[in-house]
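Everything in the sequence shown is counted per our numbering, starting at 514 for the first residue and increasing by one. C-beta: ideal position from N, C-alpha, C; glycine also. Inspection log for the structure reproduced underneath, given as structure tokens.
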Amino acid sequence: MPVIDWTFVLNVVFVFVVAYFFSINTIYLSILFISIISINRRRRFGFSFDLDQAFKFRLLPPVSIILPAYNEEKTIVESVRSLLFVRYPSYEVLVVNDGSKDRTLDVLKEAFKLIKTDYVFRRSINTEPVRGIYISKEFKNIIVIDKENGGKADALNAGINVSHYPYFCAIDADTILGSDALAKLIMPFVNDPERTVAVGGVVKAANGAEIQSGRLLRERLTKNILVILQGIEYARSFFMGRMGLSTINCLLIISGAFGLFKKEDVLRIEGYKRRSLGEDMMLVVKLHKLKRSERKRYRVAFVHDTVCWTELPSSIRVLKKQRLRWQMGLMESLFENRDVFFNPKYGSLGLFAFPFYFFSEIIPPFLELIAYAIMVYGLIFKIFTPGSVLHFFLVSWVYSILHSFIAISMEHYIVGTTLRFSHFVLRILASFVENLFYRQLNIFYRVGGVFKYYAKVKEWGEMERSGYK
514 MPVIDWTFVL NVVFVFVVAY FFSINTIYLS ILFISIISIN RRRRFGFSFD LDQAFKFRLL
574 PPVSIILPAY NEEKTIVESV RSLLFVRYPS YEVLVVNDGS KDRTLDVLKE AFKLIKTDYV
634 FRRSINTEPV RGIYISKEFK NIIVIDKENG GKADALNAGI NVSHYPYFCA IDADTILGSD
694 ALAKLIMPFV NDPERTVAVG GVVKAANGAE IQSGRLLRER LTKNILVILQ GIEYARSFFM
754 GRMGLSTINC LLIISGAFGL FKKEDVLRIE GYKRRSLGED MMLVVKLHKL KRSERKRYRV
814 AFVHDTVCWT ELPSSIRVLK KQRLRWQMGL MESLFENRDV FFNPKYGSLG LFAFPFYFFS
874 EIIPPFLELI AYAIMVYGLI FKIFTPGSVL HFFLVSWVYS ILHSFIAISM EHYIVGTTLR
934 FSHFVLRILA SFVENLFYRQ LNIFYRVGGV FKYYAKVKEW GEMERSGYK
């Protein structure tokens, strides 16, 4: 019986893991290159739209802003007030209280002088029962829907049922929009109304910012290192991922904190999937499949220069809940639509987008854990030298910091910021720390999310608000 050379086996596995990560990072850099080309092209050849003229002559279509809320008493009033400062000619704000156990509905009643009405609407999508609909005495465009608890997707569907307008913007209860954010987000629909089905924008951290009467007056760098690292991660996601993927029409995720959709198309796929852990991704995937089945030209767009701010988890406990849910939602969206994988019928969606998300988001955490185990084993039994392991970590570290530097620079250059230059430098320095503990945390959360998905454990992972601190 031949003797297995475990040293050779471990070396082969380790080389495979290194080659795998090199390939994935090369694809990410290619997507980044596509993002830069796309942004430069839009800046040079993009149609310039005069917002002042658009407001004067009411050229922009009316929009319904839907804000689902569950136990959001700490931030809900500030969020709704921020929407009153949105610079847009015609819009309505629908706040959906999804059976909150705290004083969410009470604080809304007090702040906006709500009165209950006999409101008649068409129930196009099945939802949990609506207990009451309120309108504001002071602001005619504010509508509050009080319903039985059914989850975020169900709350959004209730908002769609009550909404009046052909487009709706889904945001989170703690989202604060920039004054021109909605006007910029609607532009793909204005420029190409027939093909555009959904549009996403940039999300940034509101933690530490100066906020007054629902308006973000000034960005400030929070002292919480966990929030700073998430902000860097967000920058990479939006400017190194979503921008490039949208250019080749392979964008599968539009953030639940800031997304704009054509209501007609969403009704055709029966709205958001109820009790889903990844309702935002599931909706976009269903829209892709709808349009692909119709064999029509369409696009899911991303606007790189419009931004909203939202509260990011400020504790490891809350971060864990969020990331477990995200990974489970990703698994749900991919595997419940497994017929798309490598299916030429779905074009780039099946041949690139689905495989890319699977091989870049599901597989890497497991391979990285294997790589760590091999390195520890190799050091103990002197298969690897400390120098070779250190060299591997330095190369991967430099690669990661380079990605972060480019993404943060793009965010500052494209979106703009009120942060001082010193804060920009601090964010770059923080990216050095990311690989010391934050990356490893996310690996365990993502692996845990996969196991929880297969164990059929469904839990929302309630976000605990601290009021933008």
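- Pairwise C-beta distances place the stretch 808–816 out of contact with the stretch 720–727, as fewer than three of them are shorter than 8 Å.
- Note that the C-beta distance between E874 and D687 is not below 8 Å.
- One alpha carbon belongs to G863, the other to F934, and they sit about 42 Å apart.
- It is roughly 7 Å from the alpha-carbon of F897 to the alpha-carbon of M888.
- S846 is positioned such that its CB atom lies no closer than 8 Å to that of N737.
- By the Cβ neighbour-count rule, K614 is exposed, with fewer than 16 other Cβ atoms within 10 Å of its own.
- Runs of the beta strand (DSSP E) lying entirely within the stretch 670–723, each at least 3 residues long, are 680–684 and 709–718 in chain order.
- Put simply, the backbone Cα of Y951 is about 25 Å away from that of K971.
- With respect to the 8 Å criterion, I628 and Y604 are not classified as neighbours on the basis of their beta carbons.
- Three or more pairs of CB atoms, one per stretch, sit closer than 8 Å, so the stretch 772–787 contacts the stretch 677–697.
- DSSP lists D659 as the beta-bridge partner residues of G645.
- Beta-bridge partners of P581 (DSSP): V609.
- In this structure, L800 keeps its C-beta atom at 8 Å or more from the C-beta atom of I829.
- In the displayed model, V813 falls within a strand according to three-state DSSP.
- Taking 8 Å as the cut-off, the Cβ atoms of Y541 and M753 count as close.
- If the five residues before and after H925 are omitted, its C-beta is found closer than 7 Å to the C-beta atoms of F937, all from its own chain and listed in chain order.
- By the neighbour-count criterion, in which 16 or more other beta carbons inside 10 Å mark a residue as buried, P706 falls on the exposed side.
- Relative to the Cα of F855, the nearest Cα in the group M756, M844 and F869 belongs to F869.
- A Cβ-Cβ distance of about 7 Å is found for the pair G713 and F771, placing them in contact under the 8 Å criterion.
- Relative to the Cα of S789, the nearest Cα in the group I767, A666, N955 and I579 belongs to A666.
- Shown here for T735: same chain residues with a beta carbon closer than 6 Å to its own, the five before and five after excluded, namely N720 and G721 in chain order.
- Cβ-Cβ distances below 8 Å link V528 to nothing in the same chain once the five nearest sequence neighbours on each side are left out.
- The beta carbon of V590 sits closer than 6 Å to the beta carbons of V620 and A624 from its chain, once the five residues preceding and following it are set aside; these are given in chain order.
- Ranked by Cα distance from P877, the first of T520, V522 and A532 is A532.
- DSSP, reduced to helix, strand and coil, places V599 outside both helices and strands of the structure shown, so it counts as coil.
- Within the stretch 799–848, complete beta strand (DSSP E) segments of at least 3 residues are found at 812–823, given in chain order.
- Uninterrupted alpha helix (DSSP H) stretches at least 4 residues long and entirely within the stretch 929–971 occur at 934–947 and 951–967, given in chain order.
- Counting along the chain, R731 sits inside the beta strand (DSSP E) bounded by residues R728 to R731.
- For G772, no alpha helix (DSSP H) encloses it; the enclosing beta strand (DSSP E) starts and ends at F771 to K775.
- The closest CA to that of N524, considering only Q953, L939 and L892, is found on L892.
- The beta-carbon separation of R836 and G672, rounded to 26 Å, does not stay under the 8 Å limit for a contact.
- For the pair R940 and R755, the Cα-to-Cα distance works out to about 21 Å.
- Rounded to the nearest whole angstrom, the C-alpha separation of K858 and N762 is 15 Å.
- In the DSSP assignment, Q725 forms a beta bridge with R728.
- The beta carbon of T520 sits closer than 8 Å to those of I896, all from its chain and outside the five residues before and after it, given in chain order.
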